[in-house]
Structures are given as C-alpha cells and as structure tokens.
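To start, the structure itself, in structure tokens.
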Amino acid sequence: MFMAEFKLRFGDRKWYVRRIVEASSIDEAEEKAKRYAKLMNRGEVKWELSYVIEAERPLLIGDEELKKLS
C-alpha cells in the first residue's frame, strides 16, 4: 500500500491532501499519483504531487497510534 501527498493551490491559498494508491511498486504508485494530479487539474484548484511513500497504516487513528502518543 502506498500513500501520495498532494499540494493543492487555489489563488493564494494552499493546503495538502493525502490519497491511498493501489500499486505493486513505488514506481507504479508514483506514475498513478502523477496521472491523478494531472486529471484533477481540470478545475480552478491546481494539484501538485509532493511525494509517494509506502505506508502500512496511513491516516488511521487507532488504539496503537494513541498508545504510541501517550
């Protein structure tokens, strides 16, 4: 499982979003994420790929994460 982070821009505003990418390798995940950003750039919000990482439990807040923070 991989996770891609994108930087979104709208005028002078910017923010970040993350998406899970289904792929068998990091190279395939990066290609899919680049294609996704290109397809999302059809509106007023500009999407830029920041990075792609391998992730075991992305964006999950569970007992394990809470225990690590305690």
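In our numbering, the protein residues as written are 207 to 276. Virtual Cβ for every residue (Gly too), placed ideally from N, Cα, C.
{"Item": "Report the rounded CA-to-CA distance for Arg219 versus Phe212, giving the unit in angstroms.", "Value": "14 Å"}
{"Item": "Going by the beta-carbon positions, is the gap between Val251 and Ala239 smaller than 8 Å?", "Value": "no"}
{"Item": "Any idea what DSSP makes of Met181, helix, strand or coil?", "Value": "A query on residue 181 cannot be resolved here, the shown segment of the chain reaching from 207 to 276 and no further."}
{"Item": "Would you kindly work out how many angstroms separate the C-alpha atoms of Glu236 and Gly268, rounded to a whole number?", "Value": "27 Å"}
{"Item": "Under three-state DSSP, which class holds Arg248?", "Value": "coil"}
{"Item": "Quick check on the DSSP output: the beta strand (DSSP E) that includes Ile226 runs from which residue to which?", "Value": "219-227"}
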